[in-house]
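Asks: Protein chains in written order, with the numbering used here: chain L, 1 to 336; chain Z, 1001 to 1336; chain A, 2001 to 2336; chain B, 3001 to 3336; chain X, 4001 to 4336; chain F, 5001 to 5336. Backbone N, C-alpha and C fix where the C-beta goes; we use that ideal spot for every residue, glycine too.
This is the structure we're talking about:
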């Protein structure tokens, strides 16, 4: 069965038919005493409301929250929001659905990104740090999760593949700055960059929706990542004790401040740089994604951004794009 | 050779002879071009300045900073401070000095405190947590350090034996409150209480002076302690994964707030209680010790306490002590 | 007339008949121009929406906001919320309603709690502090309010009897810690514990709903309580001036920090302890009550707690309760 | 005996003879073993160091800290500070010293200021508030202290008469703004202005030096002032309860924010205005006094002001004064 | 065509006919598939919802968001809110509408306020500052905008004419305080007062609704105002450089603190005073307007004020107004 | 005459002769009544105390604070600090001193750095921004100051040439990140990078010592720089208004947060990046310079860094340098 039209493309008064993910399902009863079902449906492009007004009792047993369903409906605009009036709806077997259709995904190809990371590992001169990286990124279960995980539940890089996209971006900037600041230990900085968020593969669950695991909420990715590194270091012969302290310190301090969850603040230049780069990459992702999403013809400004606590200017982006040649290359002009 | 009079007892214009610890040593030269040596000398009751005005060049090679020395001197009052004018000074062999004479020590007997802790361990019903505690507190090297370590470099319980004194006090209060709040898991709370600061045996060095180790500054006692627990849990057969998460969470969250260095805030009642008890015991130690130290006949107030950012009232203590019968029982009237 | 089924027990599609409290009443008009009445109804177990769709104009004069009413209805589920479709509704005389049916109440028996407090007063050695406590807790009007008042409008112990429940709990912990810390003046600490929130009987109104009084908002329970103590001290012969200062300081400083409304921070150990105990008892109430209320089979986590600014773990409680024998002992399983 | 030259006027290498206040006295011993005495001496214009190098043991018993002494000395510049080498020094009888010579005093005449305040009281229309003011400002002991007290130990208006100077200034601005904002209750605002700091007569001690009393540190002037008002209100027949709440609220909230020690924040416009006016008058005093004191020919800037956390510009004042005609009118050019 | 009844006066079940401003317009579709239009309508007294249930498709093209419309309707109460059921609606030509009917306007006459400001300018003695003020307030485009602009988008003085009302109020208080504090340079303070918010004519757009301009969000009124002053100073012959620095500093520092958007904090007394006066006038406007708007018979308290983060007392105002004689003097009793 | 040995190289008990800058000069008098002179002397490598014990009255008129002097002395260690006992001292003519000997200077050659910046300007595609940059960096007076100015009075890059060193470093990182983030407008980001601190040439004075100018303290480099840009833009034909807003916004927002003195926070991605890069470069300078300066054999840790509020680890740097081949390339191993 086929995916229906992407939710971001659904317009008023059209028939809509195909596969969607049921995020929420609630049974209700109208004032006339007639049962109905209220739904939130999603795919990787967004979320839309659904209503089963007719045959609700008959259709009810055919699907549940969390199912991928095949449905038939038509779209209406209700109080400013698009909504699907659903006529038919039925779950499909889990194996018949391609999950990547239903969850937002990074625009970066995780296989290519992983190959790029491996190429970076090969440039590490320090034998202990390189071996540590190799051991971690040779573990099939780690790699599988690392390629699929988001970088966050709901802030930056909150999409499948977001973790590897962010990790690669941080690693590349780290490489640039290691070249710029001559006193910086490039091997230590790059190893820290590649491993800084590795604990997120344990902190987050990312099947059908993104959420925190128990480990994530009780221990957190900073300490989970450091434990993985501690355990792996024991497998590297003669890993010097001081070097082990320093790479662990890189992970522990990468949020930069205690109040952001780092139990230690950076005390070596490499850790200071890593905390800045991590912050820049997360903020730039949010900033540019929000500006892109909130482009509106009638204004130069986005709506209010709660985390940045401000309105962002969308006009600059528009201006800049004019002279970009070859933007009509068939894919969206911006990939961030 | 004998310890000299305790520094807190030295009065003006008396001869002072015996053993002291050289905390700082600086060579100087008077305006007349005559060399002298400026010292800070200490024993477990405090610190005093020393000056070698005569024969400085001859006496200089006989001792160094960090040495225990035998000296002969007389005391003078200089600009409000007591000071020793030193006539003779020479290091003694390290093995001839009883370190506990020269560093402040808890008023609590560490052997008794450790026996009390072991009695508490025996009351833990949960077999996995009890085994975890037994394994840690059976390790001779851990126990030796645990009995001697201070609880802090310079804030609360900054004395030899301070760590075990504080740990026992926290454990006892935890036991009281576990009885008071019926829904609290006593075993989890007491295990957390006994282990919460165990990482300090690695965070601090405490030979001749208290300081942070490299591990202490780069990793910190919270994560160091959690690592010890992680490693020990692997030695306990069938330790349930969830229980492991919870005891580790107790350690990680025991500073209560991110900005105090906990990478996670308490998310179970037992962790919330532990963070409060730890804070109470540290603050009560400081509060009462400062009030006791700053008793002055001419005023009801201590000097300014930098960390509490206030003056404390000393009058209440005085008033309270009047009716206490039997205070002359041979031991110091206050044990905190 | 009889109380109807408790709101927390009402299920879909059942007839509901009996007494409820009208918390809000709003008249509306449907799109068809038909008048209706929208209600919020409550009893001590919670709140439920009500709708009068038929005969609204006729039933309207028979009751008002704030009334206890006898109603007949049936329950429906509407947009995920339970709701009563009301057919008949009429106020009953105030004297026919037992207010404790309609407002949340502490699980602690106020008479027993008061007896326990009086027993504590009898253990106070200091004659002036004991006389002060006796005078306050002999005043019939104070005692009546003290037994009934909540401890807060909407945070911790926000139920009838909450003030005495919280006061007794704080007093008991104070007694434990007075035994633990030898330098603490037990009499002063316990007197402070028993009186710390006495001003809340003036700060809050608690008839049919909990709200602040004018005194509460303009003066506040800290100063109101201190004024009561000031006035009562004048009735105690020869109350020493210094002791009066100290007990007043205990009340003024019990929020611990200026920004929490204490005009003075603790400057004696007893005041420091009281501020901690008060905070612990309030936070433990919230923490455990929220975890209990938010137990859900599909997750180990509560929803987001706005004041604690976090999610709490419910799994620990579940685990812990399994092995508790004899929980079916006829009283509520948790007393906090 | 006569006051010696004012300390602010003492220049290098001059004989200095007359009366001074001994603020601190410490006995010392030189490197040659000769005893000496180190002093801090003050009068209302400032502080100066004194040293008794000769005859220290003989002169020692003749005076103590806190005494007014008659001394003979000559001035020297030592390490950038002026210092008196004292040859003779002896206490004089307390009744022979005019305290106002030795402590900084407001440039405002307290008698005139009090007359001005009484004139303001007479303009209050509200009979209860006017009676309250009259009763307080008819009490001889209150009035005597009120005319002499400083407004602070060491920040703004920290001089004898500073309290009445500040109170009058706040009252006058309150009067202006009551005229400007038509909805403001002038009587309430002015009563609040006149009474807002009355508690400082109990909070501070101001004999020979300024310090906090026990009441000041344990209760504070805000609550002490409110208690005086509470007690006096009972003496005013038929004082309306609501009005009593409001005038007490004016006092309690006059620091504007909880973190500045007000247990309640302003909830009526009059209280909001009072908190602003109090703050303006204190800050303007500090700002202008500091600029005046720190006028230096070589720069347009004061030294660093710790409380304002900035450097202030002194050039504006200089510029402004040039064109002011008739500044030589016999009174000090600045009255702040 | 005529303005309809003011929105604040519309009561339930009355016919409503006349001119209103369409603030928002959204098309919807009922569950029965019938199109309707949801509106927000406003005039200078407030906002009301409108619904076009019948003939929505026919009436839809006749008006748009932002239009002034002539409508016919009747009022109903729906879920506690008043609402207009609209039968007929059509835009009118922009030139037929008097904008001041549809946007909130200051109660102060802008022409009178401007005349008052000009009178103040004439009292400035300093020739350069006076000329600067004259040049700015002689520019016809500036003056036109200055008379019409609000002082804020949505906080204080958010009404047509609000800027000049606030500027005049600040100037008057500045004049009072310049008289009170003898060392203050009156000319500098008054010039600062009159110019402090002049940049708001560029920061805000105020046609049909209040919003920020691009300049407003990217540069801000503080710097925009300073730039206007910089440019105008070049037109004043021989304007002294130091005086230019000081008047620019007055503008730059008038928010008092960096975190409120001032790039410099006050460093002269005049700037300190201006920052206080600006703050007082804004807060007093909000405070008194909110209290006035939230007068409700059943309570002495307003609802929660989000910015002040508190409830305000309305009882004081009521009490105060009773004895005010001659309030019926033909103008609104409150001018704020 | 010749510069004496660099201050950082002076060791105990050596003769020291040559040119130094007199930073402070104070006359004193010993206890024996003998006059002396206390000096602070500096060159570009640091500061040292000087004392004229003999012939002070004779030598006194020969030099003043701020002079470059030729002196003869010998070095002694006094209370842990090195000090020069001065026998002869005399000012030299200003033109005989090379100021760069006496003030710390960047290790970067300002001419080379300026050439690099000009090369960057040539890569700007946007004609208006490029013209703006050309006009500013063609102005001889601006360029002269820009090459010499420090970047701060006392924090990062506080050395002659520090401004151009920092500006070039920020520009290079900006170029890297413009390549990394595809949606970023490179021209706008680089123009912002090159101009962000240009106002510092007016904010700071840097002759013989670094200090703030009146403009610096009253207006600040952010607004001073923006004014220069505003004025220069008027000289560029047809500079688009929107582009002018954006480049001005880049300058105004480059401190990132209001509390750091930016009157606007970044609202475009380019401004966000610039604020991060500026912060990174300043912090990396401080971090690495402090670690380098505080290398001590006996510890892996620096002293306490007041601004970073922590101790930094020096061990990593040492470790890193060991394996770096070719470090003996004739230039200092670290260029930051």
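(1) So, using beta-carbon positions, are residue 3285/B and residue 3156/B closer together than 9 Å?
(2) Report the option in 4262/X, 4282/X, 4240/X whose CA atom is closest to the CA atom of residue 4153/X.
(3) Does chain F have any CB closer than 9 Å to the CB of residue 3028/B?
(4) Quick one: which chain L residues come within Cβ less than 8 Å of residue 2039/A?
(5) At a cut of 8 Å, does the region 1218-1238 of chain Z reach the region 263-273 of chain L through at least three beta carbon pairs?
(6) Using the C-alpha atoms, what's the distance from residue 1219/Z back to residue 228/L?
(7) Report all residues from its chain with a CB closer than 8 Å to the CB of residue 3231/B; omit the five preceding and five following residues, and keep chain order.
(8) So, are the CB atoms of residue 4089/X and residue 4001/X less than 9 Å apart?
(9) With DSSP collapsed to three states, give me the class of residue 83/L.
(10) DSSP on residue 1260/Z, reduced to helix/strand/coil?
(11) Measure the C-alpha to C-alpha separation of residue 4097/X and residue 4111/X and round it to an integer number of angstroms.
(12) Closer than 6 Å by C-beta to residue 3169/B: which residues in its own chain qualify, once you throw out the five before and the five after it? Chain order, please.
(13) Would you say residue 2130/A reaches chain Z, if we count a Cβ-Cβ gap shorter than 9 Å as a contact?
(14) What's the call for residue 326/L, buried or exposed, on a 16-neighbour Cβ count within 10 Å?
(15) With a CB to CB cut of under 6 Å and the five nearest residues on each side skipped, what residues in its chain are close to residue 4037/X?
(16) Tell me, please, which residues DSSP counts as bridged to residue 1017/Z.
(17) Report yes or no: is there a C-beta of chain B within less than 9 Å of the C-beta of residue 4260/X?
(18) Excluding the five sequence neighbours on either side, which residues of its own chain have a C-beta within less than 7 Å of the C-beta of residue 2187/A, listed in chain order?
(19) With H, G and I counted as helix, E and B as strand and the rest as coil, what does DSSP make of residue 5170/F?
(20) Round the Cβ separation of residue 48/L and residue 41/L to the nearest angstrom and send it over; I've been treating them as touching at under 8 Å.
(21) So what does DSSP say about residue 269/L, is it helix, strand or coil?
(22) Distance, Cα to Cα, residue 214/L vs residue 203/L?
(23) Which one or two residues does DSSP pair with residue 234/L in a beta bridge?
(24) Cα separation between residue 305/L and residue 3023/B?
(25) Using only the alpha-carbon positions, how far apart do residue 1191/Z and residue 1100/Z sit?
(26) Quick one: does residue 1052/Z have its CB under 9 Å from some CB of chain B?
Replies: This is what the structure holds:
(1) Along the fourth chain, one-based indexing puts residue 3285/B at 285. Along the fourth chain, one-based indexing puts residue 3156/B at 156. Yes, these two residues count as a Cβ contact at 9 Å.
(2) Here residue 4153/X refers to the residue found at position 153 when the fifth chain is read from its first residue. Closest by alpha carbon: 4282/X.
(3) Stepping through the fourth chain from its first residue, residue 3028/B is reached at position 28. For residue 3028/B, the answer is no, since every Cβ of chain F falls outside 9 Å of its Cβ.
(4) To locate residue 2039/A, count along the third chain from 1; it is residue 39. In chain order: nothing, as chain L lies at least about 16 Å away.
(5) Flag = yes, the region 1218-1238 of chain Z and the region 263-273 of chain L touch.
(6) The residue given as residue 228/L occupies position 228 in the first chain. The residue given as residue 1219/Z occupies position 219 in the second chain. Going from the Cα of residue 228/L to the Cα of residue 1219/Z covers about 15 Å.
(7) In the fourth chain, residue 3231/B corresponds to position 231, counting from 1. Answer for residue 3231/B: no residue qualifies.
(8) As a working note, residue 4089/X is residue 89 in the fifth chain. As a working note, residue 4001/X is residue 1 in the fifth chain. Taking 9 Å as the Cβ cut-off, residue 4089/X and residue 4001/X do not qualify as a contacting pair.
(9) Locating residue 83/L in the first chain gives position 83, where the first residue counts as 1. DSSP places residue 83/L in strand when its eight states are reduced to three.
(10) As a working mapping, residue 1260/Z is identified with position 260 in the second chain. DSSP places residue 1260/Z in helix when its eight states are reduced to three.
(11) As a position in the fifth chain, residue 4097/X is number 97, starting the count at 1. As a position in the fifth chain, residue 4111/X is number 111, starting the count at 1. If I take the Cα positions, the gap works out to 21 Å.
(12) The residue labelled residue 3169/B in the question sits at position 169 within the fourth chain. So the list reads 3281, once near-sequence residues are dropped.
(13) In the third chain, residue 2130/A corresponds to position 130, counting from 1. Taking Cβ atoms only, chain Z never reaches closer than 9 Å to residue 2130/A, which makes this a no.
(14) Start at 1 with the first residue of the first chain, and residue 326/L comes out as number 326. In this prediction, residue 326/L scores a pLDDT of 32, lower than 50, which makes its location untrustworthy; no coordinate-derived value is stated.
(15) Counting from one through the fifth chain, the residue named residue 4037/X turns up at place 37. Cβ neighbours of residue 4037/X beyond the five flanking positions: 4027, 4052, 4056.
(16) For the purposes of this step, residue 1017/Z is taken as the residue at position 17 of the second chain. Within the DSSP secondary-structure output, residue 1017/Z pairs in a beta bridge with 1072/Z.
(17) In the fifth chain, counting from the first residue as 1, residue 4260/X sits at position 260. So, not an interface residue.
(18) Within the third chain, residue 2187/A is the residue found at index 187, counting from 1. In its chain, beyond the 5 residues on either side, 2124, 2125, 2126, 2129 have a beta carbon closer than 7 Å to the beta carbon of residue 2187/A.
(19) In the sixth chain, the residue the question calls residue 5170/F occupies position 170. When DSSP states are grouped into helix, strand and coil, residue 5170/F belongs to the helix group.
(20) The residue labelled residue 48/L in the question sits at position 48 within the first chain. The residue labelled residue 41/L in the question sits at position 41 within the first chain. With a Cβ gap of about 5 Å, residue 48/L and residue 41/L count as contacting.
(21) Reading the first chain from its first residue, position 269 is the one you call residue 269/L. Of the three classes helix, strand and coil, the one that applies to residue 269/L here is helix, per DSSP.
(22) Residue numbering aside, residue 214/L sits at position 214 when the first chain is read from its first letter. Residue numbering aside, residue 203/L sits at position 203 when the first chain is read from its first letter. Spanning the two alpha carbons is a distance of roughly 8 Å.
(23) By one-based count along the first chain, residue 234/L stands at place 234. According to DSSP, residue 234/L shares a beta bridge with no other residue.
(24) For this step, residue 305/L is matched to residue 305 along the first chain. For this step, residue 3023/B is matched to residue 23 along the fourth chain. Approximately 59 Å between the Cα atoms of the pair.
(25) The residue labelled residue 1191/Z in the question sits at position 191 within the second chain. The residue labelled residue 1100/Z in the question sits at position 100 within the second chain. Spanning the two alpha carbons is a distance of roughly 30 Å.
(26) Looking up residue 1052/Z in the second chain gives position 52. Chain B, which has no Cβ nearer than 9 Å to the Cβ of residue 1052/Z, makes this no.
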